[in-house]
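Down below is the structure, laid out as structure tokens.
There are 2 protein chains.
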Amino acid sequence: MSKTTNITIKDVAQSAGCGVATASRVLNNSGPASADVRERVERAARELGFSFSAIGRALQSRRSMTVGCLVPSLANPVFAEAVQGVQAVLLGSGYQMLISCSNYDAAADDAAIEMLLAKKTDALVTTMVDPDRSPALRLAKKRGIPISLMFHDPLDGFITSYVDNFEAAKEVARQFAGLGHRRTGFLALRFSTSDRSRNRYAGFHSECRTRGLPDPVLIEIGEAEANQPDLLAAILAQHPALTAIFASNDFLAIAVQKAARLLGWRVPQDLSVVGFDGIEIGRLLEKPLATIETSPEAMGRQAASSLLTMLQGGDTVQLPALPFAFRAGATLALPNPENGDDGRGATRPSPDLPAEPHAQQG
Amino acid sequence: MSKTTNITIKDVAQSAGCGVATASRVLNNSGPASADVRERVERAARELGFSFSAIGRALQSRRSMTVGCLVPSLANPVFAEAVQGVQAVLLGSGYQMLISCSNYDAAADDAAIEMLLAKKTDALVTTMVDPDRSPALRLAKKRGIPISLMFHDPLDGFITSYVDNFEAAKEVARQFAGLGHRRTGFLALRFSTSDRSRNRYAGFHSECRTRGLPDPVLIEIGEAEANQPDLLAAILAQHPALTAIFASNDFLAIAVQKAARLLGWRVPQDLSVVGFDGIEIGRLLEKPLATIETSPEAMGRQAASSLLTMLQGGDTVQLPALPFAFRAGATLALPNPENGDDGRGATRPSPDLPAEPHAQQG
DNA sequence: TTAAGTTGTGGAAACGTTTCCAGTGGCGCT
DNA sequence: AGCGCCACTGGAAACGTTTCCACAACTTAA
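Protein chains in written order, with the working numbering: chain X, 4 to 365; chain V, 4 to 365.
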């Protein structure tokens, strides 16, 4: 019967008939050792099934080899993919990932960071409701812990991996305008707790202004409306004049189509819909979804890479925004002239849309 | 300037003018202390911004307050949701979650478990390629670490949270048979590394046999085919006689429809499609997806709950399988009599399907 | 008044590592 | 032979906690 209690390097040393210092040196290849003792230590370790305690190591070296990760939710594939990207980069580096979710709650955000700090994670990669206003995150920064944000626009003093939501939203406005849409709407879930949604709305709004179009209608909905098409349909019905809706994510864009169907509106003839994120499934739909294509996984990778270089002592600079691309689909078309009172007089643009990848400005 | 180095309980004790033992007792409320010294310690801790080092604690208490979690991939929403469930349960318990992904690789699985063991996680919740054959997992079990599996059918000596894939697949076969389908196929990705897929196929196959139907055709595809509809279409074209396909997950079911469209086959008239998992989006599609509805999040919750009771010393028993339900949709219909050479002679069943929730047998 | 508690306190050990340092012995020089 | 150098070795300190134990100073009961 092997002892149930964990075997430590002391046991190995004893079994090999040497001091712990020597055993440590052998097992880490961190110093000289005679072939004889080296052999004995290695055998002892093997026979006892020894493995280092990361805790003992962390205590002594003041490095836990752990990265803390905080995202709003893993139920959102966008964040899940980003975390997957982080994980992929970290995998070979020897770092492990401690993860936490805030469920879009700022207070939980702060508490989670505090937890991660207590665990002495060597670095932090997070997406928060409001990074600017988290005492714990500020503390982390003061302590000099490498921090890499995801999904957030550049923020004073933080490194971040992001897509330029403002620019991407402008592109959507351009697409709408190019087709002659005038009455547009912006549909968002959790608008208040998501700077991403807010930036998208801002960009969309700004470009509409620039083009002399009416301000887009901001339609905020809750979880209930997002999941129950009939509720969403009721809300949609309050805006019969709209000819195009920009949904702040693809899931919402699909829900809008369902709701429109319930109202007897045809997509895209009666209502054009464009999403955001570019989830894989959108491409496989009967009516492929027009959307802004992004890569959350690449975002996670970039964030993790930055973190690693910081951990290796190199100082990282803020990288430019990750690229996005407008993906053409079957949910976007000319506005129906019979629809509403605005579309009628609109100029008809050429029907072929540019759909090439769109690189960000540096 | 506050010192950049971490402040420890020793600093607090010194600043409060007492011993570390006293400081510890005060800060943990774990022993007597005079109101005077209590006040001084608390103030010192506050002013210095002290927070406990989880590492020091873990070393001394031999409990890391950390749970290790290993899943194949977070890019798969099913696993991401399960992890979210685990996280949700753990959140209030004081335990943190160390996460790792294997990318469906058995060797990586084992290595990851080893890592988690080195980090001295207090418990493990995992979904692996082959839990039965992982030395590291065996070691973990020998050490008496609480282990809770997810998505795996009951395994000797492991507690697991799961849906009865075999039974669920039988239900799909029943639905097909009830409508008169005879030539059926089972479409799977990563068949070899997923006991879930294999069990689903087994159940599907078994029920077809029971009903005297021809054996279903097993169609295994790779990543490439799953993501490129034209490739999948080419494969599908090799099986023109099939009137119904059971896809081992919803994503695949949607891809099949896309591929069928490319071939000019109509769903469900020419080809019925049923998926598995019950992802939310399936419900919102123009043609709502018929599927087996499950709740990965509930699975994660159950697994985490079991873990917690084990950690609290209670011994947990294997719980029954989680419920699933067949969700009717628009992708399932009678076989087209003009299609193939088998459907023609099939008996016509009553067209109204039972779609009520189906509880598992204990 | 003394014995027996009770309460408050801090020193020190232990947890599992790594690393500094001092010590040993062998070797090749002069 | 004497010297320094080198390879090798192990004791001990340190990392941040908690907890055992001993002790002091009271309070209470006889």
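Each residue gets a CB set at the ideal place from its N, CA and C atoms; glycine is no exception.
Cα-Cα separation between residue i and residue j, rounded to whole angstroms
i	j	result
X/Ser86	X/Glu300	Per the sequence shown, the amino acid found at residue 86 of chain X is Val instead of Ser. Whole-angstrom Cα-Cα distance: 7 Å.
V/Gln241	V/Leu266	11 Å
X/Tyr165	V/Ala191	35 Å
V/Leu140	V/Ile238	38 Å
V/Phe254	X/Ala229	21 Å
V/Arg41	V/Gln17	14 Å
X/Pro352	X/Ala180	Caution applies to X/Pro352, whose pLDDT of 39 falls short of 50 and renders its modelled position unreliable; the value that the coordinates give is listed next. Roughly 9 Å between the two C-alpha positions.
X/Thr163	X/Met153	6 Å
X/Ser275	X/Ile116	41 Å
V/Gly20	V/Asn31	18 Å
V/Val320	X/Gly88	36 Å
V/Glu226	V/Arg193	8 Å
X/Gly147	X/Leu127	11 Å
X/Pro232	V/Gly285	13 Å
V/Val74	V/Ala205	23 Å
X/Arg43	X/Ser27	13 Å
X/Ala83	X/Leu93	15 Å
V/Phe169	V/Asn79	21 Å
V/Ile248	V/Asp273	11 Å
Cβ of residue i within 8 Å of any chain X Cβ
i	result
V/Met131	no
V/Leu192	no
V/Arg1	Residue numbering for chain V in the displayed model covers 4 to 365; residue 1 of chain V lies beyond these limits and cannot be assessed.
V/Gln87	yes
V/Met100	yes
V/Gln272	no
V/Gly188	no
V/Met153	no
V/Pro219	no
V/Cys104	yes
V/Pro80	yes
V/Ala126	no
V/Gly59	yes
V/Leu30	no
V/Pro232	yes
V/Ile10	no
C-beta contact flag for residue i and residue j at 8 Å
i	j	result
V/Asp112	V/Thr69	no
V/Phe55	V/Ile10	no
V/Leu337	V/Val277	no
X/Phe161	X/Pro134	yes
X/Ala57	V/Lys145	no
X/Ile222	X/Phe189	yes
V/Val15	V/Ala48	yes
X/Met118	X/Ser103	yes
V/Gly332	V/Leu287	no
X/Leu325	X/Ser298	yes
V/Val132	V/Ala109	yes
V/Glu45	V/Val29	yes
V/Arg186	V/Leu245	yes
X/Phe207	X/Ala250	no
V/Gly317	V/Ile295	no
V/Leu311	V/Ser67	no
X/Phe329	X/Gln178	yes
Beta carbon proximity, residue i to chain V, threshold 8 Å
i	result
X/Gln305	no
X/Ile248	no
Buried versus exposed call for residue i [16 or more other C-beta atoms within 10 Å across all chains shown]
i	result
V/Ser33	exposed
V/Lys13	exposed
X/Pro217	exposed
V/Glu289	exposed
X/Gln63	exposed
V/Ala38	exposed
V/Arg203	buried
V/Asp159	exposed
X/Gly22	exposed
X/Ala424	One cannot answer for residue 424 of chain X here, as it falls past the ends of chain X, which runs 4 to 365.
V/Gln315	exposed
V/Ser309	buried
Supposed close pair residue i, residue j - CB separation, criterion 8 Å
i	j	result
X/Ala258	X/Leu235	6 Å
X/Tyr107	X/Ser76	7 Å
heavy atom of the ligand COA below 7 Å from residue i C-beta
i	result
V/Ala324	You won't find the ligand COA in this model; it holds no ligand whatsoever.
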